[in-house]
Amino acid sequence: MRKRIIIRITLMVVLILIGISLYTIGKEHKVFIDNKDIAVGEIVYSAEATYDVRVDNQEIGLLEKGDRNVVKVAGASHKIVIEEIKDKVLTGEKYEKRFKLKTNESATVNIPAMINNKNEWINKTN
Amino acid sequence: MKNQNLTKTLNPGVQFLINYAVPIIFTILVAIAIPLSGLSGEYLARELMTRLARNSFIILALLIPVMAGMGMNFSIVLGAMAGEIGLIFVTDWQIVGMPGILLAMLISTPLAILLGYFGGMVLNRAKGREMVTGFMLAFFMNGIYQLVVLYGMGNIIPISNSNILLPREYGIRNAIDLIGIRQVLDKLISLKVSGLVIPVATLLVITMLCVFIIWFKKTKLGQEIRSVGQDNDVARISGINVGKTRILSIIISTVLACYGQIIFLQNIGTMNTYNSHEQVGVFAIAALLVGGASVSKATIPNVFVGVILFHTMFIVSPRAGKVLIGQAQLGEYFRVFVSYGVIAFSLALYAWRKRVEKENERRKAMTLKRVLLQSNNTTGGYKL
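Residue numbers (the working numbering), protein chains in the order written: chain W, 364 to 489; chain G, 195 to 578.
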């Protein structure tokens with residue numbers, strides 16, 4: 364009888380843990396991508412080029428100067444890859460960043476801050 | 195045994211016609227309707243593949259209660275409701291992809307078990323009238339479901355996603371877009387063979403359920419369910435807890451129906467919150483009966499033959515209706531008419547068979563009695 368209760372409790376705990384992990388893996392987040400000027404302290408980083416953007420291997424498309432786009436991604440860990448485009452040709456300049464989001468977070472990525480390696484490249488909000 | 199009695203009075207050809215009257219009629223109807231519809235073979239195959247993947251799981255959920263002698267389980271609607279509640283939560287929490295489907299299944303499983311237990315308890319109190327009781331039970335639970343979803347969600351049960359809430363901020367909208375999980379299972383593994391997309395993952399899940407049912411029949415519980423289905427009294431004398439076994443068979447069926455509804459809706463991609471589940475029982479049962487099953491016997495091949503025949507009819511009937519009458523709308527009415535008609539015809543056929551069997555039994559008993567009386571008169575007594 365005691366053994367049966369222990370097995371049942373263990374099974375319930377395992378199912379709850381599976382539920383939590385499915386929630387974390389499958390939770391959808393919005394990621395906004397800005398190719399806009401950003402002021403960090405007193406320095407302004409300007410958007411100067413067009414970029415081809417991919418988040419978690421999802422093609423977002425081209426982001427011209429001053430553009431903003433949004434992508435929905437699932438899970439906690441993500442990767443953003445941007446490639447510079449000039450005169451409709453890839454220049455070979457490629458930037459890559461990884462970031463993590465908590466369950467209720469969404470994020471805004473600023474491309475000029477990202478390519479200049481500034482901490483303000485990502486802004487996470489609930 | 196019952197069929198053997200019938201065989202003694204009818205020749206094998208007539209026997210075959212009686213046993214497979216519904217599939218034979220449907221095959222003829224389909225054979226007439228396909229050329230009338232003018233649909234191409236490729237289109238028909240594509241549609242049929244989609245419907246085979248979409249509907250087979252929920253129809254397979256009907257097999258275990260038939261094994262338990264409880265007839266067609268109209269209360270699979272309860273399982274469908276549980277599945278939909280799981281999907282509402284998953285949509286509210288914005289869980290997408292396969293984790294969304296699995297989480298919906300996980301959330302709805304305890305609910306389906308609870309509803310199955312309740313359904314089993316009710317059906318145990320209505321032995322011999324399980325089908326009509328199950329049908330009414332589905333209506334009753336639909337009322338409770340609507341109360342919970344229309345007034346409870348957003349009021350008592352927290353729902354934060356404004357996209358699925360009614361503008362008054364409680365109650366769920368009429369239609370929910372399942373964009374996050376749309377055809378996720380179907381596209382998980384898919385093969386394209388000369389224009390025909392085969393949803394391999396969904397078919398694998400259906401195959402796994404078939405294997406489970408075959409294996410389950412051989413387990414102790416499976417054997418007990420079969421014994422209960424053959425004769426309640428004999429099963430009870432053998433030490434089987436008949437009531438518990440019947441409840442278990444309904445629980446299994448309800449849980450499978452819950453998963454079946456999730457698979458069905460992920461394929462459709464939209465959920466009609468208040469009526470997606472309403473016709474589930476009728477359509478699933480009609481398909482199974484079209485496949486040659488009866489109230490007392492249903493097999494896995496019946497499921498697939500039924501899906502193919504019933505859904506081919508569904509696909510071609512609007513176009514055939516348009517050609518014949520000039521109105522595609524007729525085909526839509528035809529679907530409902532055919533579904534209820536098939537169930538009514540099968541039930542009538544089953545009742546007729548039972549009556550014939552009883553009459554055979556009575557005749558046999560009378561003949562035996564006459565023989566015994568004659569031998570008693572000629573020998574002055576008889577010995578057994």
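Even glycine gets a Cβ: it sits at the ideal position worked out from N, Cα and C.
Quick caveat: nothing in here was measured; it's all calculated off a predicted structure.
Pairwise C-alpha distance: residue j and residue i
i	j	result
G/ALA225	G/VAL449	36 Å
G/ALA227	G/LEU518	10 Å
G/GLY416	G/THR493	14 Å
G/ASP286	W/SER440	21 Å
W/VAL377	G/GLU418	30 Å
G/ILE375	G/LYS412	35 Å
G/ILE218	G/ASN368	39 Å
W/THR373	W/GLY429	54 Å
G/ASN197	G/SER356	Its pLDDT being 48, under 50, G/ASN197 is placed unreliably in this model, and the coordinates cannot settle the point.
G/VAL284	G/ASN336	21 Å
W/GLU427	W/VAL433	14 Å
G/ILE556	G/GLY433	The sequence shown places Arg at residue 556 of chain G, rather than the Ile named in the question. Cα to Cα, the separation comes out at about 30 Å.
G/MET560	G/LEU230	53 Å
G/MET275	W/GLU391	25 Å
W/ILE381	G/SER302	14 Å
G/MET195	G/LEU317	Since pLDDT at G/MET195 reaches only 44, below the 50 mark, its modelled position is unreliable, and no value is offered.
G/PHE410	G/ALA320	26 Å
G/THR201	G/ASN466	Only weak support exists for where G/THR201 lies, its pLDDT of 47 falling under 50; the value from the coordinates is given anyway. Each residue's Cα considered, the two are about 47 Å apart.
W/VAL407	W/THR413	18 Å
G/ILE373	G/LEU382	15 Å
G/PRO206	G/ASN554	17 Å
G/TYR214	G/GLN340	39 Å
W/PHE395	W/ARG431	7 Å
G/ALA429	G/VAL565	33 Å
G/GLN377	G/GLY520	34 Å
G/ALA545	G/GLY232	38 Å
G/PRO512	W/ILE474	54 Å
G/ILE431	G/ALA538	35 Å
W/GLY404	W/THR488	20 Å
G/PHE531	G/GLU324	23 Å
W/VAL397	W/ILE368	The sequence shown places Asp at residue 397 of chain W, not Val. Answer to the nearest angstrom: the Cα atoms are 54 Å apart.
G/ILE253	G/ILE222	23 Å
Proximity to residue i [Cα-Cα], best of the options
i	options	result
W/TYR458	W/GLU446, W/SER384 and W/THR413	W/GLU446
W/LYS435	W/MET364, W/LYS399, W/LYS428 and W/LEU464	W/LEU464
G/PHE528	G/LYS438, G/GLY515 and G/ASN318	G/GLY515
G/SER384	G/ILE373, G/ASP371, G/LEU372 and G/LEU398	G/LEU398
W/ILE485	W/LYS393, W/GLY382 and W/TYR386	W/LYS393
G/MET264	G/THR572, G/LYS381, G/SER488 and G/GLY365	G/SER488
G/ILE351	G/GLN340, G/ILE358 and G/TYR364	G/TYR364
G/LEU524	G/ILE502, G/VAL394, G/VAL536 and G/MET507	G/MET507
G/ILE366	G/SER569, G/ILE445, G/TYR345 and G/SER234	G/TYR345
G/ILE353	G/ILE279, G/TYR214, G/ASN435 and G/ASN461	G/ILE279
G/LEU257	G/LYS491, G/SER569, G/LEU541 and G/SER533	G/LYS491
G/GLY235	G/ALA480, G/PHE477, G/ILE441 and G/SER388	G/SER388
W/ASP415	W/THR466, W/ILE370, W/ILE396 and W/ILE448	W/ILE448
G/ALA332	G/PHE539, G/GLY310 and G/ILE212	G/GLY310
G/TYR453	G/LEU233, G/LEU281 and G/ALA262	G/LEU281
G/ASP371	G/MET315, G/THR464 and G/ILE446	G/THR464
G/GLY535	G/ASN426, G/VAL342, G/ALA481 and G/MET315	G/ALA481
W/LEU453	W/PHE462, W/ALA402 and W/LEU425	W/LEU425
W/ILE401	W/THR488, W/LYS481 and W/LYS487	W/LYS481
G/GLN209	G/HIS505, G/THR572 and G/LEU543	G/LEU543
G/ASN461	G/ARG245, G/LYS563, G/ARG362 and G/VAL216	G/ARG245
G/LYS414	G/ASP425, G/THR439, G/ASP427 and G/LEU390	G/THR439
G/VAL391	G/VAL405, G/TYR237 and G/ASN435	G/TYR237
Whole-Å CB distance - residue i paired with residue j, under 8 Å assumed
i	j	result
W/GLY438	W/ILE388	5 Å
G/THR166	G/LEU379	Any answer about residue 166 of chain G is impossible in this case: the structure gives chain G only from 195 up to 578.
W/VAL418	W/ILE443	5 Å
G/ILE441	G/GLY277	Wrong, their Cβ atoms sit about 20 Å apart, outside the cutoff.
G/ILE479	G/MET266	4 Å
G/ALA298	G/SER447	Not a contact, Cβ separation roughly 19 Å.
G/PHE220	G/LEU503	4 Å
G/PRO259	G/SER443	5 Å
Can you find at least 3 beta carbon pairs, one from the stretch 266-276 of chain G and one from the stretch 321-328 of chain G, that sit closer than 8 Å? The answer is yes - the stretch 321-328 of chain G touches the stretch 266-276 of chain G, with three or more Cβ pairs under 8 Å.
Between the stretch 467-476 of chain G and the stretch 290-299 of chain G, are three or more C-beta pairs nearer than 8 Å? No, the stretch 467-476 of chain G does not touch the stretch 290-299 of chain G.
With three or more C-beta pairs closer than 8 Å as the rule, is the stretch 234-254 of chain G touching the stretch 419-439 of chain G? Contact between the stretch 419-439 of chain G and the stretch 234-254 of chain G is absent, because fewer than three Cβ pairs lie under 8 Å.
For a minimum of 3 consecutive residues, which ranges assigned as the beta strand (DSSP E) are wholly contained in the stretch 376-415 of chain W? Runs found: 391-397, 401-403 and 406-408.
Could you give the uninterrupted runs of the alpha helix (DSSP H) lying entirely in the stretch 198-240 of chain G, keeping only those of 4 residues or more? The qualifying runs are 206-213 and 215-231.
Are the stretch 443-457 of chain G and the stretch 244-255 of chain G touching by the rule of at least three beta carbon pairs closer than 8 Å? For the pair of segments examined, the stretch 443-457 of chain G was found to touch the stretch 244-255 of chain G: the number of CB pairs separated by less than 8 Å reaches three.
For the stretch 533-553 of chain G against the stretch 496-503 of chain G, are there 3 or more C-beta pairs whose distance is under 8 Å? By the C-beta criterion, the stretch 533-553 of chain G is judged not to be in contact with the stretch 496-503 of chain G, since fewer than 3 inter-stretch pairs fall below 8 Å.
Mind pulling the alpha helix (DSSP H) runs of 4 or more residues that sit fully within the stretch 293-372 of chain G? Secondary structure remark: continuous alpha helix (DSSP H) runs of at least 4 residues inside the stretch 293-372 of chain G, in chain order: 324-341.
Could you tell me whether the stretch 475-487 of chain G touches the stretch 296-314 of chain G, using the rule of 3 or more Cβ pairs below 8 Å? Judged by Cβ distances under 8 Å, the stretch 475-487 of chain G makes no contact with the stretch 296-314 of chain G, as fewer than three pairs qualify.
At what residue ranges does the stretch 396-480 of chain G contain a whole run of the beta strand (DSSP E), taking only runs of 3 or more? Within the stretch 396-480 of chain G, the runs of beta strand (DSSP E) that reach at least 3 residues and sit entirely inside it are, in chain order, 464-466.
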